[in-house]
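Same order as they appear, the protein sequences are chains A and B. Quick note: the first sequence uses this note's numbering, first residue 11, plus one each step. Quick note: the second sequence uses this note's numbering, first residue 48, plus one each step. Backbone N, C-alpha and C fix where the C-beta goes; we use that ideal spot for every residue, glycine too. See structure below.
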Amino acid sequence: MAKKKEKKTTIEWDYAPAPESTSHIEVKDRYDLYIGGKFVKPSGGKYFATYNPATEDKLAEVAYANEKDIDKAVKAARKAYNEVWSKTTPAERAKYIYRIARMMQERARELAVIETLDAGKVIRESRDVDVPLACNHFFYYAGWADKLEYAFPNREVEALGVAGQIIPWNFPLLMAAWKIAPALAAGNTVVLKPAETTPLTALKLAEIIHEAGLPAGVVNIVTGYGDTGAAIVNHDDVDKIAFTGSTGVGKIIQKAIAGTGKKATLELGGKSANIILDDAPIDQAVEGIINGIFFNQGHVCCAGSRLFVQESVADIVIKKLKRRMDTLIVGNPLDKNTDVGAINSKEQLDTIAKYIKIGKDEGATIHQSNCKLPKNGFYCAPTIFTDVAQSSTIVQEEIFGPVLTVQTFRTVDEVIQKANNTPYGLAAGVWTDKGSRIFNLTTKLNAGVVWANTYNKFDPTSPFGGYKESGFGREGGLHGLSAYVKLK
Amino acid sequence: MERLEVLKTYKIYIGGKFPRTESGRYYTPLNSNGKQIGNICLSSRKDVRNAVVAARKAFGGWSERAAFNRGQILYRIAEMLEGRKSQFVDELVFQGATKKNAEKEVLMAIDRLIYYAGWCDKYTQVLGSVNPVASSHFNFSVHEAMGVVGVVTDIETSLIGLVSLVAPVIAGGNTCVVLANEKMPLCAITFAEVLSTSDVPGGVINILTGAQKEMLTPLANHMDVNGIVYSGTDAAVVKELEESAALNMKRIRVYDKNWMDIEAQDLYQIADVQEVKTTWHPIENIGGATSSY
């Protein structure tokens, strides 16, 4: 854009609405638990509502599983493991998983719309990222089922047994796929609990799994709150816990299973550094910053929430970043033009607001994009903080929202120190035109995933997971299999 | 006139130096005949912390050293151990082993070092991968050292147990803090002397003697320890390690192996103290030329 025109960017002009239709979507009024191949009522008779965070409308009622229900689910999983799944040949196991992948693909559009309704994420992302990746994850791991001996040279591979899996609300269907697909491929049976604010796509997946004819009890899907998850973690007959969520809860789980012999993979929080060096292609880097922090409203464990810009280009990067932020369309997640959707819940919106207040109170300079927010629903304008220090609360703690902190640095050594100076170690981004600088940084950053000249990319073949307090174990790729096997 | 034997003052090993414990305390374990083994350092939690600081300081240099060079240094440890075989045999016998078993254990320890020396510049090739992602990116996963690893050894095999745990830890570029076998500390102390003449940089391996119960808690609670490997069957120790690990998400690995078995060594023990890092970079694909020719 020519310089002269810059002043005119404040002119108001809108895209015509382009909402995705919800007419072909079937959401029932009430969902039960999927245990032992049947949809059963919760033993306590309790249900809770799940809402559309974009409108605050109630979408459905969902069963609230208690300890008894979990016991039933684990027993069903154990029975299925002993009697059916461990006796199913690996090639047949593969075919079941392939079938699930295919049936998900067939219903991709429905899944995407429901994901957007229940989670508040924009339809463009659920349609183009979450759902295809979830399907592909099943398709990818299906093929491993009869090739496990090639993944672990010189060792015999055995399934663990029953896997208890607890997933978060930021990528509901994708996380279900990340958990279930490798577990099944390796020969385990599963009890999975989706997050209380986003249970619908997991329950749709239960329907698909049921239709696919997977033997009863191989996958059980139970809904509820934290106490439901705790019942899974503490159940004696669970062999493995896979959890994605906050570091705080991850630590509670690690402690709870100490000495029990349960295996665990924990995929936890992050405060990932996104580093812009002076020779970076600035416009691309700005897109990368935007994608790094505002993708999925910043509800991303690997979000590039700490921006580091080399001093000599800081002014131009920040200026361009602010200008780009102002063009983001915040609003109805079902609209195909929307860039930033709804915050997942009132609770999370309050958390983000709390951190924004802390940022201001600690003296940081705030800039929020000047967008109109819808009246109903939970929304937060894209936000950046400059004038922050390493010691600022908003630099140290995970916010899990569209809030970015901006720091500067002079030398590469300095930024490595700053980037690594956090208990977290999930991801990092590096932007530079020079290959040798990329490899210097990517090898020295303590993070499980490093994106160079890109950010927030995911693939079923690509292992994902953190260093340090971002958890342990990997999901995706060959390395993701080891979470679900024991080697003999 | 009979020559008076020169006795050795037993020390701990921190940052490549041989101090006595900062606490000035000692204990006197007995061998199977009831004879005092010596005035062994009863290390304190401050010693544990000093050792972790030394290990952290050494980590950068050790993990970034060429894998080939790490292999040479592990091999060098084996060379030094070979040259002092008889001393280790004597110590094992003095601490209660039969001559035959002691000899077997020392030879096994040497060979195990050679085994892991060979892995240093190979494990990343075997364990790593180039991942065929669907988008236009080059994507690969490599193993990287975890950081500072605590090593807690079992009771029965004080030399081979120690070597079997330490070798895969350092082969993978980690540095470590070893809590030596409480009842049979001699081989650990002498092993430190082997290390100090083997080109192993100071701080890569730190060895403390003393009461395991006393040292375990500060080690397990230390916020700058990334993982702990434990060989043994004490359920209480395992529970304490795993519970304390939650403080900073330490990786705890528990081995219940007979280290005298030749099979008790493998690649996966190196992998146990590694992190997997996955790196992405876009592939420019603008022109559309294919690679058919």
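Give the residues from the region 476-496 of chain A that approach chain B closer than 7 Å (Cβ to any Cβ), ordered along the chain.
Taking 7 Å as the Cβ-Cβ cut-off against chain B, the residues of the region 476-496 of chain A that qualify are Tyr477, Lys478, Glu479, Gly481, Phe482, Arg484, Gly487, Leu488, His489.
Please go through the same chain and pick out, in chain order, the residues whose beta-carbon is closer than 8 Å to the beta-carbon of Pro29/A, but skip the five residues on each side of it.
Within the first sequence, numbered from 1, the residue matching residue 29/A stands at position 19. Correct list, in chain order: Asn342, Leu344, Asp345, Lys346.
The beta strand (DSSP E) that contains Asn253/B, what's its start and end?
The residue you call residue 253/B lines up with position 206 of the second sequence. Taken as a continuous stretch (DSSP letters only), the beta strand (DSSP E) holding Asn253/B covers 252-255.
What's the call for Asn456/A, buried or exposed, on a 16-neighbour Cβ count within 10 Å?
For the purposes of this step, residue 456/A is identified with residue 446 of the first sequence, where counting begins at 1. By the neighbour-count rule (16 or more Cβ atoms within 10 Å), Asn456/A is buried.
Can at least three beta-carbon pairs, one atom from the region 184-203 of chain B and one from the region 156-164 of chain B, be found at a separation below 8 Å?
The region 184-203 of chain B, when compared against the region 156-164 of chain B, does not touch it at the 8 Å Cβ threshold.
Assuming Ile107/A contacts Tyr44/A under a Cβ cut-off of 8 Å, what Cβ separation, rounded to an integer in Å, is found between them?
Your numbering for residue 107/A matches position 97 in the first sequence. Your numbering for residue 44/A matches position 34 in the first sequence. The Cβ separation is near 17 Å, so there is no contact.
Closest to Leu436/A by CA distance: which of Val459/A, Thr418/A, Phe449/A, Gln417/A is it?
Taking the first residue of the first sequence as 1, we reach residue 436/A at position 426. Comparing Cα-Cα distances from Leu436/A to each of Val459/A, Thr418/A, Phe449/A, Gln417/A, the minimum goes to Val459/A.
What are the residues of the region 458-470 of chain A that lie near chain B, defined by any Cβ-Cβ distance shorter than 7 Å?
Those would be Gly458, Val459, Val460, Trp461, Ala462, Asn463, Thr464, Lys467, Asp469, in chain order.
Against Lys286/B, what residues of chain A qualify as contacts under a CB-to-CB distance less than 7 Å, listed in chain order?
Translated into the one-based positions of the second sequence, residue 286/B becomes position 239. Within 7 Å Cβ-Cβ: Ala268, Gly269.
Can you give me the C-alpha to C-alpha distance between Arg40/A and Lys214/A, rounded to a whole angstrom?
The count along the first sequence starts at 1 and reaches residue 40/A at position 30. The count along the first sequence starts at 1 and reaches residue 214/A at position 204. Arg40/A and Lys214/A: Cα-Cα distance of roughly 12 Å.
Of all the options Ile309/B, Asn295/B, Glu240/B, Glu322/B, which has the alpha carbon lying nearest to the alpha carbon of Gly62/B?
As a working mapping, residue 62/B is identified with position 15 in the second sequence. Taking only the C-alpha atoms, the option nearest Gly62/B is Glu240/B.
Report the three-state DSSP secondary structure of Gly239/A (helix, strand or coil).
Translated into positions along the first sequence, residue 239/A becomes position 229. DSSP places Gly239/A in helix when its eight states are reduced to three.
In chain D, which residues lie with their C-beta within 8 Å of the C-beta of Ser472/A?
You won't find chain D in this structure, because its protein chains are A and B.
Counting C-beta neighbours from all protein chains within 10 Å, is the total for Val53/B 16 or more, i.e. buried, or is it exposed?
As a first step, residue 53/B is located in the second sequence; it is residue number 6 there, counting from the start. With fewer than 16 Cβ atoms within 10 Å of its Cβ, Val53/B is classed as exposed.
Using a Cβ-Cβ distance under 7 Å, would Thr264/B count as near chain A?
What you label residue 264/B is simply residue 217 of the second sequence in a count that begins at 1. Thr264/B does not count as touching chain A.
Does DSSP classify Pro142/A as helix, strand or coil?
Residue 142/A sits at position 132 when you count from the first residue of the first sequence. The answer is helix: DSSP assigns Pro142/A an H, G or I state.
Got a sec, what are the start and stop residues for the beta strand (DSSP E) Gly23/B sits in?
Residue 23/B is absent from the structure shown; chain B starts at 48 and stops at 340.
Using the three-state DSSP reduction, which class does Lys304/B fall into: helix, strand or coil?
By 1-based counting over the second sequence, the position of residue 304/B is 257. In this structure, Lys304/B counts as coil in the three-state DSSP scheme.
With three or more C-beta pairs closer than 8 Å as the rule, is the region 204-223 of chain A touching the region 153-170 of chain A?
Segments in contact, no.
For Arg298/B, which residues in chain A fall below 9 Å Cβ to Cβ?
Sequence index remark: in the second sequence, residue 298/B carries index 251 (1-based). In chain order: Phe482.
Return the first residue and the last residue of the alpha helix (DSSP H) that Asn354/A is part of.
Within the first sequence, the letter at position 344 stands for residue 354/A. First-last for Asn354/A: undefined, no H or E at that position.
Does chain A have any CB closer than 7 Å to the CB of Ala293/B?
Here residue 293/B refers to the residue found at position 246 of the second sequence. Yes, Ala293/B lies at the interface with chain A (some Cβ there is under 7 Å from its Cβ).
Between Glu261/B and Leu288/B, what straight-line distance do the alpha-carbon atoms span, to the nearest angstrom?
Counted from its first residue, the second sequence places residue 261/B at position 214. Counted from its first residue, the second sequence places residue 288/B at position 241. Cα to Cα, Glu261/B sits roughly 13 Å from Leu288/B.
Consult DSSP for Asn221/B and reduce its assignment to one of helix, strand or coil.
Along the second sequence, read from residue 1 onward, the residue named residue 221/B stands at position 174. It is coil, neither helix nor strand.
Measure how close the beta-carbons of Met307/B and Glu152/B come, nearest whole angstrom, since I'm counting them as under 8 Å.
Position 260 of the second sequence, counting from 1, holds the residue named residue 307/B. Position 105 of the second sequence, counting from 1, holds the residue named residue 152/B. Right, the Cβ-Cβ distance comes to about 7 Å (below 8 Å), so this counts as a contact.
Work out the CA separation of Lys330/A and Met11/A for me, nearest whole Å.
Position 1 of the first sequence holds residue 11/A. Position 320 of the first sequence holds residue 330/A. Because Met11/A sits at a pLDDT of 45, beneath the cut-off of 50, its placement in the model cannot be relied upon, and the following sentence gives the value as read from the coordinates. Each residue's alpha carbon lies about 12 Å from the other.
If you count every other CB in all the chains shown that lies within 10 Å of the CB of Asn116/B, and 16 or more means buried, which is it?
The count along the second sequence starts at 1 and reaches residue 116/B at position 69. Answer is exposed; the Cβ neighbour count stays below 16.
Between Glu321/A and Arg420/A, is the Cβ-Cβ spacing less than 7 Å?
As a first step, residue 321/A is located in the first sequence; it is residue number 311 there, counting from the start. As a first step, residue 420/A is located in the first sequence; it is residue number 410 there, counting from the start. In this structure, Arg420/A lies closer than 7 Å to Glu321/A by Cβ.
Which partner residues does Trp188/A have in the DSSP bridge list?
The residue labelled residue 188/A in the question sits at position 178 within the first sequence. According to DSSP, which records beta bridges pairwise, Trp188/A is partnered with nothing at all.
Shortest alpha-carbon distance to Gln427/A belongs to which of Tyr434/A, Thr442/A, Val416/A, Lys454/A?
Mapped onto the first sequence, residue 427/A falls at position 417. With distances taken between Cα atoms, Gln427/A lies closest to Lys454/A.
Between the region 151-173 of chain B and chain A, which residues of the former have a C-beta closer than 9 Å to a C-beta of the latter?
From the region 151-173 of chain B, only Val173 have a Cβ closer than 9 Å to chain A.
Excluding sequence positions up to five away, which residues of its chain have a Cβ less than 7 Å from the Cβ of Gly143/B?
Working through the second sequence from its first residue, we reach residue 143/B at position 96. Excluding sequence neighbours, Gly143/B sits near Asn78, Ser79.
Please return the same chain residues whose Cβ sits closer than 6 Å to the Cβ of Leu184/A, not counting the five positions on each side in sequence.
In the first sequence, the residue the question calls residue 184/A occupies position 174. Once the five neighbours on either side are set aside, the close Cβ partners of Leu184/A are Asp140, Leu143, Ala144.
What residue ranges within the region 278-320 of chain A form continuous alpha helix (DSSP H) runs of no fewer than 4 residues, ordered along the chain?
Fully enclosed alpha helix (DSSP H) runs of 4 or longer: 292-304.
How is Ala12/A classed by DSSP in three states: helix, strand or coil?
As a working mapping, residue 12/A is identified with position 2 in the first sequence. Annotation note: pLDDT 49 at Ala12/A (below 50); position unreliable, coordinate value reported separately. In this structure, Ala12/A counts as coil in the three-state DSSP scheme.
Given this structure, state the Cα-to-Cα distance separating Pro265/B from Ala293/B, to the nearest angstrom.
Sequence index remark: in the second sequence, residue 265/B carries index 218 (1-based). Sequence index remark: in the second sequence, residue 293/B carries index 246 (1-based). Pro265/B and Ala293/B: Cα-Cα distance of roughly 14 Å.
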